[in-house]
Amino acid sequence: MIDEAKQETAIDYVLGELTSAESAAFEKEVAANQELRDFTSELANGYASLALTAGAVRPRPDLFSQILAKANSPKRSNLILVSFLPWAVAACLAIGLLVLGLKDSRTEAELAEFSRRDVLAHLQIASLQAQVNTYAKASAIVVWNAQRQSGLVRLEELPASEPGHDYQLWIIDPSEKTPVSAGVVPVGNGNAATVEFQPVHRVATAAKFAVSIEKAGGSSAPQGQIILVGD
Amino acid sequence: MDEAEEQYNVELIRRVAKGDDAAFASLYDRLSPVLYGMALRIMNDAGEAEDVLQDGFLYIWRQASAFDPDRGSSFAWVVMIVRNKAIDKLRVRQRGERLHERVTSFPELFSDRDEQSALEPVLRERQSEVRSALSEVSPEQRQALELSYFSGLTHEQIAARLGAPLGTVKARIRRGLLRLREVFRGI
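Right, dumping it as structure tokens:
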């Protein structure tokens, strides 16, 4: 028998009213409790069935062929990255200065010297591209300093985060079971943001970076939609 | 939806996960009228509804392997993917506006634009069951439930829109959802 409090939690879960942490905890309970799983599944079925009250309408006949063509097309080509590269290089230099704590303390000549040597070799630059059409114009550059375990992220063409939600940066480390949080990235009405970040714990290898939409304040593990990914 | 129908959809999704175009087309043919109708209701714009449908099916194509039939029905999985895409798009569109001002009226409970031929028989039956279930709940519960589903409003915004206390609105939505759940028990 599922008690009333647990029913309430299941309802809030189906309605999307739980925080990411609450959802994750509830999903663990569901996984271990068949009765609760059935109850939650029935609620979800009932809620989803409201779609049927909207009325059925056939989309235009050629829409599926467009969808199929996109489904079978290779992911974004390297052309996008190439077109992005000059900006990325400039961003690397500008952002790298900040990461290295060199801004205002070194001359350009010194930077050039550092470039020739190995300082910038410690920097890893990632270009993140949109994974969903809704954010097709969005992009990000991440500059990561593995030695310092810190970096900077620059988000572009991203709408301001919804009330109650934040964009959150993740570092994908192959040695970790889940992505490592690098914190939330507030994006205001300017549709862009540059934020310095540090992961919640040491990252051995930053194989990829990703941005997802999470509940306000962020999540300990990704719960929301991944909108940008890159390496 | 009966067990055989569910099993068929699950099998289609499994084939989609393997890159089977024919299975993808079959799934689209079966569900797109419901999904497009829902997207139209949420977006109130044919072009944006098409974008939502496209985004949703591309997500299904790429994430089909993540579908777990132990966690819910294929219908709920697909519907909620497209519904969430629509709500995301709606909220982006309405950013900068006052969200609750968009829903100036809620005139009809059920759309009259049904293309009966567009629905699979099993979905037609289910549609009838949902409508029957909703006809048994109070108009206030129906309104709160549908605003929750189609408008993208938070519970607080629905309460403001209806001029009702937040607790009352939540209770209405919950009671309505529990009634819908009774219809689909055991599915």
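As given, the protein sequences belong to chains A and B, one line each in that order.
Anchor point for the first sequence: position 140 equals 139 in numbering that gives the first Met the number 0, and the numbering is continuous, going up by one each time.
Anchor point for the second sequence: position 164 equals 163 in numbering that gives the first Met the number 0, and the numbering is continuous, going up by one each time.
In this text, a Cβ means the ideal position worked out from N, Cα and C, and glycines have one as well.
Remember, predicted model here, so these are calculated numbers, not experimental data.
Residue contact with chain B for A/Pro158: present (Cβ-Cβ distance below 8 Å to some residue of chain B). Exposure of A/Arg59 is indicated by the presence of fewer than 16 other C-beta atoms within 10 angstroms of its C-beta. Around A/Lys69, the beta-carbon contacts reaching into chain B at under 8 Å are Gln53 and Leu57. The beta carbon of A/Gln130 is closer than 8 Å to those of Ile225, Ile226, Leu227 and Val228 in its chain, skipping five residues each way along the sequence. A direct Cα-to-Cα measurement between A/Ala192 and A/Gly150 gives close to 14 Å. Look at A/Ile140 here: in three-state DSSP terms it is strand. One alpha carbon belongs to A/Gly54, the other to A/Ile171, and they sit about 42 Å apart. Here the alpha carbon of A/Ala24 sits roughly 32 Å from the alpha carbon of B/Val136. One finds nothing in chain A with a Cβ atom closer than 9 Å to the Cβ of B/Pro120; even the nearest lies about 12 Å away. Under the 8 Å criterion on CB atoms, A/Ser72 is classed as non-interfacial with respect to chain B. For the segment 175-190 of chain A, the set of residues with a beta-carbon nearer than 7 Å to any beta-carbon of chain B is empty. Annotated as proximal: B/Val91 and A/Thr133, with beta-carbon spacing under 8 Å. In the structure shown, A/Ser211 falls within a strand segment according to DSSP collapsed to helix, strand and coil. Our two residues, B/Leu133 and B/Glu49, have alpha carbons roughly 28 Å apart in a direct line. Judged by DSSP in its simplified three-state form, B/Arg92 adopts helix. Residue environment: A/Gly187 is assigned as exposed (fewer than 16 neighbouring CB atoms within 10 Å of its CB, all protein chains considered).
Beta-bridge annotation (DSSP): A/Ser180 is paired with A/Trp169. Per the DSSP secondary-structure output, A/Leu127 pairs in a beta bridge with A/Ala139. Contacts with chain A (Cβ-Cβ distance below 9 Å) from the segment 29-43 of chain B involve Ser31, Pro32, Val33, Leu34, Tyr35, Gly36, Met37, Ala38, Leu39, Arg40 and Ile41, listed in chain order. Flagged as an interface residue toward chain B: A/Gln65, by a C-beta distance shorter than 8 Å.
Taking C-beta atoms as the reference points, A/Ser180 and A/Ser219 count as a pair closer than 8 Å.
Contact check for B/Asp54 against B/Lys84 passes: the beta carbons are separated by less than 8 Å. Taking a Cβ-Cβ threshold of 7 Å, the residues of chain A close to B/Asp20 are Leu67, in chain order. Annotated three-state conformation of A/Ile1 is coil, per DSSP. The bridge partners DSSP lists for A/Glu195 are A/Leu151.
Of all alpha-carbon atoms in A/Ala47, A/Ala9, A/Leu14 and A/Glu16, the one lying nearest the alpha-carbon of A/Ala30 is that of A/Ala9. Legend: CB atoms of the segment 25-56 of chain A lying less than 9 Å from CB atoms of chain B belong to residues Glu26, Val29, Ala30, Arg36, Asp37, Phe38, Thr39, Ser40, Glu41, Leu42, Ala43, Asn44, Gly45, Tyr46, Ala47, Ser48, Leu49, Ala50, Leu51, Thr52, Ala53, Gly54, Ala55 and Val56. In its chain, beyond the 5 residues on either side, Val9 have a beta carbon closer than 7 Å to the beta carbon of B/Pro68. Beta bridge pairing from DSSP links B/Leu30 with no other residue. Segment contact: the segment 136-151 of chain A against the segment 194-206 of chain A, three or more CB-CB distances shorter than 8 Å; contact assigned. B/Leu179 belongs to the set of residues whose beta carbon lies under 8 Å from a beta carbon in chain A. Between the C-alpha atoms of A/Ile124 and B/Gln126 there is a straight-line separation of about 52 Å. Not flagged as an interface residue toward chain B: A/Thr18, since no C-beta distance is shorter than 8 Å.
Around the beta carbon of A/Ser211, 16 or more other beta carbons lie within 10 angstroms, which makes this residue buried. Judged by DSSP secondary structure, A/Val228 falls within the beta strand (DSSP E) whose first and last residues are Ile225 to Gly229. Burial check for B/Pro120: the Cβ neighbour count within 10 Å stays below 16, so the residue is exposed.
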